[in-house]
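First the structure, in the form of structure tokens, and then the observations on it.
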Amino acid sequence: MLKLHTLKIIKQEPVAPGYQRLTLARGIAAQAGQFVQVRASETFDPFLRRPISVHDAAEDRLVLLYRTVGRGTALLAAKKAGETLDLLGPLGSSFPLTDRAQAVVVAGGIGAAPLYYLLRTLKRAGKQVSFFYGARTEAELLLREEYRALATNYSEATDDGSAGSRALVTDLAAPAIASLDATVYACGPSPMLKEVARLADYYGRSCFVSLEAQLACGVGACLGCVVPVRGQEKYRRVCVDGPVFAAGEVFFC
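Quick note, the sequence shown lines up with residues 9 to 261 if you use the working numbering.
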């Protein structure tokens with residue numbers, strides 16, 4: 009059943025130019041990897057809700073980390089503490105835990121947003137986590153010390169070499185995927201996910217990826233977020249069947 013919530017904003021804070029972290033009072037029963045559909049204004053302009061992944065969740069709070077990329081998210085970024093926010097959720101699938109004692113987690117850019125909650129979930133479950141964080145430049149390595157604190161091992165890469173290694177984050181993660189008996193998790197741009205999926209398949213690792221897609225309705229009705237998959241179904245909806253998929257299920261173009 010779809011659940012509509014009206015939650016009070018506790019804090020709205022910029023974490024980097026163009027990126028905001030929004031904390032709401034009273035949590036919802038969200039799991040790592042799920043998302044919510046947020047109404048950006050009190051009117052129907054813009055008409056469509058904005059899909060935002062759950063950055064963190066607990067009984068007393070819901071935290072969203074998002075990038076301001078258009079009018080809807082700009083309106084959202086203008087909201088202040090004490091105002092309320094109308095949202096639908098939690099929606100979509102979540103990252104599953106496995107019986108493996110170790111996990112390799114790979115993040116690319118704003119794809120790190122839902123992985124914070126995953127890292128916290130893995131740590132609470134007693135897993136040893138190797139976290140690999142990649143971005144174009146240092147400014148886009150958001151909240152890096154908070155991620156570092158949740159990981160057993162932490163590595164970062166930037167395209168321009170301004171922080172960490174000047175390399176693709178998949179190059180950093182490859183040795184860990186090869187050598188550790190670990191479950192692999194990833195969220196980020198499609199080329200990154202494709203390479204993570206390839207590495208996991210080659211080394212026989214279970215792998216789960218969170219796909220980034222343009223979501224309109226968020227409930228599977230509009231079919232605007234379908235992705236090609238292997239098997240009889242051919243296509244699946246990111247908003248309902250995902251956003252988290254077993255990597256071997258997805259056909260990466």
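Glycine included, every Cβ here is placed at the ideal spot set by N, Cα and C.
Values in this document were obtained by computation on a predicted structure and should not be read as measured data.
| message | Using a 10 Å radius around the Cβ and a threshold of 16 neighbouring Cβ atoms, would you call Tyr210 buried or exposed? | response | In the sequence shown, the residue the question calls residue 210 occupies position 202. Label assigned to Tyr210: exposed.
| task | Confirm, please, whether the CB-CB distance from Ala120 to Cys233 is below 9 Å. | result | Translated into the one-based positions of the sequence shown, residue 233 becomes position 225. Translated into the one-based positions of the sequence shown, residue 120 becomes position 112. Against a cut-off of 9 Å, the Cβ pair of Ala120 and Cys233 comes out as no contact.
| said: Using a Cβ distance threshold of 8 Å, determine whether the region 124–142 contacts the region 40–48, with at least three qualifying pairs required. | reply: yes
| message | By the DSSP assignment, the alpha helix (DSSP H) with Tyr155 in it spans what residues? | response | The residue you call residue 155 lines up with position 147 of the sequence shown. Residues Arg152 to Leu158.
| Going by Cα to Cα distance, which pick from Gly97, Ala86 and Ala33 is closest to Glu67? | As a working mapping, residue 67 is identified with position 59 in the sequence shown. Out of Gly97, Ala86 and Ala33, Ala33 has the C-alpha closest to the C-alpha of Glu67.
| said: On the CB-based measure, 16 or more other CB atoms within 10 Å of its CB, does Ala186 come out buried or exposed? | reply: Along the sequence shown, read from residue 1 onward, the residue named residue 186 stands at position 178. Exposed, since its Cβ has fewer than 16 Cβ neighbours within 10 Å.
| request: Grab me the residues of Ser101's own chain with a C-beta within less than 8 Å of its C-beta, minus the 5 sequence neighbours each way, in chain order. | output: Taking the first residue of the sequence shown as 1, we reach residue 101 at position 93. Within the same chain, Ser101 has close Cβ partners Gly41, Gln42, Asp249, Gly250, Pro251, Val252 and Phe253.
| query | Do you know offhand how far Ala184's Cα is from Gly26's? | reply | Counting from one through the sequence shown, the residue named residue 184 turns up at place 176. Counting from one through the sequence shown, the residue named residue 26 turns up at place 18. Computed Cα separation, rounded: 32 Å.
| message | the ligand GDP and Val44: does the residue's C-beta get closer than 8 Å to at least one heavy atom of that ligand? | response | With respect to small molecules bound, the structure shown includes none, and the ligand GDP cannot be examined in it.
| message | Going by DSSP in three states, Ser187 sits in which element: helix, strand or coil? | response | Numbered from 1 along the sequence shown, position 179 holds the residue referred to as residue 187. Three-state result, Ser187: helix.
| query | DSSP on Arg29, reduced to helix/strand/coil? | reply | Here residue 29 refers to the residue found at position 21 of the sequence shown. Three-state DSSP puts Arg29 in a strand.
| Does DSSP put Gly3 in a helix, in a strand, or in coil? | Given that the chain is displayed from residue 9 to residue 261, the structure contains no residue 3 and the question cannot be resolved.
| field | Residue of Leu95, Asn161 and Ser163 minimising C-alpha distance to Ser49 | value | Locating residue 49 in the sequence shown gives position 41, counting from the first residue. Comparing Cα-Cα distances from Ser49 to each of Leu95, Asn161 and Ser163, the minimum goes to Leu95.
| task | Scan the region 37–121 and note each continuous beta strand (DSSP E) run of 3 residues or more that stays entirely inside, going in chain order. | result | 43–46, 58–66, 69–75, 92–99 and 110–116
| query | Since Leu207 and Ala182 are thought to touch, with beta carbons under 8 Å apart, how far apart are those beta carbons, to the nearest angstrom? | reply | As a first step, residue 207 is located in the sequence shown; it is residue number 199 there, counting from the start. As a first step, residue 182 is located in the sequence shown; it is residue number 174 there, counting from the start. Correct: roughly 6 Å between the Cβ atoms.
| task | Mind reading off the beta-carbon distance from Val177 to Ser138? Whole number of angstroms is fine, and I expect it under 8 Å. | result | The residue labelled residue 177 in the question sits at position 169 within the sequence shown. The residue labelled residue 138 in the question sits at position 130 within the sequence shown. The Cβ separation is near 12 Å, so there is no contact.
| What is the residue span of the alpha helix (DSSP H) that Lys202 lies within? | By one-based count along the sequence shown, residue 202 stands at place 194. Where Lys202 is concerned, the enclosing alpha helix (DSSP H) stretches over Ser198 to Tyr210.
| message | Quick check: is the beta carbon of Phe103 nearer than 9 Å to any beta carbon in chain B? | response | Checking the listed chains, one finds no chain B in this structure; it contains a single protein chain.
| request: Whole angstroms is fine: what's the gap from Glu146's alpha carbon to Ala165's? | output: Taking the sequence shown and counting its residues from 1, one reaches residue 146 at position 138. Taking the sequence shown and counting its residues from 1, one reaches residue 165 at position 157. Glu146 and Ala165: Cα-Cα distance of roughly 9 Å.
| request: For Pro98, count neighbouring C-beta atoms within 10 Å of its own C-beta (all shown protein chains included) and say buried if the count is 16 or more, exposed if not. | output: Along the sequence shown, read from residue 1 onward, the residue named residue 98 stands at position 90. The residue is buried, with at least 16 neighbouring Cβ atoms inside 10 Å.
| task | Determine which residues share a DSSP beta bridge with Gly142 and list them. | result | By 1-based counting over the sequence shown, the position of residue 142 is 134. The partner list for Gly142 (beta bridge, DSSP) reads Gly116 and Ala165.
| Is Gln240 buried or exposed, if buried means 16 or more other CB atoms sit within 10 Å of its CB? | For the purposes of this step, residue 240 is identified with residue 232 of the sequence shown, where counting begins at 1. So Gln240 ends up on the exposed side.
| Exposed unless 16 or more other CB atoms sit within 10 angstroms - verdict on Val271 | A query on residue 271 cannot be resolved here, the shown segment of the chain reaching from 9 to 261 and no further.
| What span of residues does the alpha helix (DSSP H) with Leu6 cover, start to end? | This structure does not reach residue 6, given that the chain is present from 9 up to 261, and the question cannot be answered.
| message | Which of the three DSSP states is assigned to Ala175 in this structure? | response | Stepping through the sequence shown from its first residue, residue 175 is reached at position 167. Looking at Ala175 - three-state DSSP - the assignment turns out to be coil, as it is neither helix nor strand.
| How close, in whole Å, do the beta carbons of Asp64 and Tyr155 come, if the pair is a contact with beta carbons under 8 Å? | As a first step, residue 64 is located in the sequence shown; it is residue number 56 there, counting from the start. As a first step, residue 155 is located in the sequence shown; it is residue number 147 there, counting from the start. The pair is not a contact, with the Cβ atoms about 12 Å apart (cut-off 8 Å).
| field | Terminal residues of the alpha helix (DSSP H) in which Arg238 lies | value | Translated into positions along the sequence shown, residue 238 becomes position 230. That residue, Arg238, is in no alpha helix (DSSP H); it is neither H nor E in DSSP.
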